[in-house]
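**Student:** Please read through the structure below; I'll follow up with questions.
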Amino acid sequence: MKIVSIAEILECNQMIKEKGLAFRIHLRDACSKQSCSIESLDSNNGDEEYKDLYKILDEYFSRFRFQLEYGEDRRNFWIL
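Numbering (numbering that gives the first Met the number 0), first residue to last: 0 to 79.
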């Protein structure tokens, strides 16, 4: 099983910040897979900002050959 490190989450959060997006990713451990939650740091974040965030997340984690599975609300995701 592939494991995402805390350092990778910190790097991802830094990249999100550098792209000018007001979000933070939190890592949690779930049964048999890791999960993450998305925290919006700005009440003005809308669909466009979330779309940009999802693109960044997919590109970032694909570098490590991770696939992401988003929950129904797309505010939580699992690392496969």
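Don't be surprised by glycine CBs; every beta carbon is placed ideally from N, CA and C.
So, at 7 Å on beta carbons, what are the nonlocal neighbours of E48 in its own chain, with the 5 sequence-adjacent residues on each side left out?
**Tutor:** So the qualifying residues of the chain are L20.
**Student:** How is E68 classed by DSSP in three states: helix, strand or coil?
**Tutor:** Three-state result, E68: strand.
**Student:** Am I right that F76 and V3 are in contact with their C-beta atoms under 8 Å? What's the rounded C-beta distance?
**Tutor:** Rounded, the Cβ-Cβ distance is 11 Å, inconsistent with contact.
**Student:** Taking a contact to mean a Cβ-Cβ separation below 8 Å, would you say S39 touches H25 in this structure?
**Tutor:** Cβ distance not < 8 Å, so S39 and H25 don't count as in contact.
**Student:** May I have the straight-line CA-CA distance separating R62 from L9, to the nearest angstrom?
**Tutor:** One C-alpha to the other measures close to 15 Å.
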